[in-house]
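**Student:**
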Amino acid sequence: MNRLSEIRKERKLNMSEMAKLLGIPYTTYVGYEKEERHLYSDTLKLISGKLGVSIDYLLGRTDVKMPTATKDGEQREEEYEETYLESVKLLMKLTPEEKKIVDAFVEGLLAKR
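Each residue of the sequence shown is one higher than the one before, counting from 0 in numbering that gives the first Met the number 0.
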């Protein structure tokens, strides 16, 4: 089983939902998951960013989903709460216009930091 399949199942998404989340055609996603299509660097960057996992994790080079530096400089795995995953499912149901509003809201929150 490849990492795309693992991530999709962890998040309780079907292939169609995962393709929508990634913003790619369903048939393209199926090809990636079944390893019938190659993932090129631009696509890896896109998928990595949207799923919140490292490219190394997607390629199976590490079991650490997203390394983050601690105060000691050590790496740890970033865990996603179940509520976050449920929020992602809800966001996928929004219209493109509603998604833009959510994006603007999040950007506003981050700008306040």
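Ideal placement from N, C-alpha and C gives every residue a C-beta, glycine not left out. These numbers come from a predicted model, not from an experiment.
1. So what does DSSP say about Glu-106, is it helix, strand or coil?
2. Taking Glu-9 as part of the alpha helix (DSSP H), name the residues at either end of that continuous run.
3. What number of angstroms, rounded off, separates the C-alpha of Gly-30 from the C-alpha of Val-101?
4. Assuming Leu-57 and Leu-45 are in contact, meaning their beta carbons sit under 8 Å apart, how far apart are those beta carbons, in whole angstroms?
5. Just mark Met-17 as buried or exposed, buried being the case when its beta carbon has 16 or more other beta carbons within 10 Å.
6. Compute the Euclidean distance between the alpha carbons of Asp-55 and Lys-111, then round it to the nearest angstrom.
7. Out of Ser-53, Ser-40, Ile-6, point me to the one whose CA is closest to Glu-32's CA.
8. Less than 6 Å between the CB of Met-17 and some heavy atom of the ligand MG, yes or no?
9. Tell me whether Gly-30 sits in a helix, a strand or coil according to DSSP, three-state version.
10. Suppose you measure from the CA of Thr-26 to the CA of Glu-106; what does that come to, to the nearest Å?
11. Since Asn-13 contacts Glu-34 with CB under 8 Å, what's their CB separation in whole angstroms?
**Tutor:** Reading it off the structure:
1. Reading the sequence shown from its first residue, position 107 is the one you call residue 106. Of the three classes helix, strand and coil, the one that applies to Glu-106 here is helix, per DSSP.
2. Counting from one through the sequence shown, the residue named residue 9 turns up at place 10. 2-9 is the extent of the alpha helix (DSSP H) around Glu-9.
3. One-based indexing of the sequence shown puts residue 30 at position 31. One-based indexing of the sequence shown puts residue 101 at position 102. In a straight line, the C-alpha of Gly-30 is about 30 Å away from that of Val-101.
4. Here residue 57 refers to the residue found at position 58 when the sequence shown is read from its first residue. Here residue 45 refers to the residue found at position 46 when the sequence shown is read from its first residue. 11 Å between Cβ atoms; not a contact.
5. For this step, residue 17 is matched to residue 18 along the sequence shown. Classification for Met-17: buried.
6. Looking up residue 55 in the sequence shown gives position 56. Looking up residue 111 in the sequence shown gives position 112. Their Cα atoms are separated by approximately 32 Å.
7. Within the sequence shown, residue 32 is the residue found at index 33, counting from 1. The option with the nearest alpha carbon to Glu-32 is Ile-6.
8. For the ligand MG, the structure offers nothing, since it holds no ligand at all.
9. For the purposes of this step, residue 30 is taken as the residue at position 31 of the sequence shown. Helix.
10. One-based indexing of the sequence shown puts residue 26 at position 27. One-based indexing of the sequence shown puts residue 106 at position 107. Taking the straight line from one Cα to the other gives about 32 Å.
11. Here the question's residue 13 lines up with position 14 in the sequence shown. Here the question's residue 34 lines up with position 35 in the sequence shown. Not quite, the Cβ-Cβ distance comes to about 18 Å (not below 8 Å), so this is no contact.
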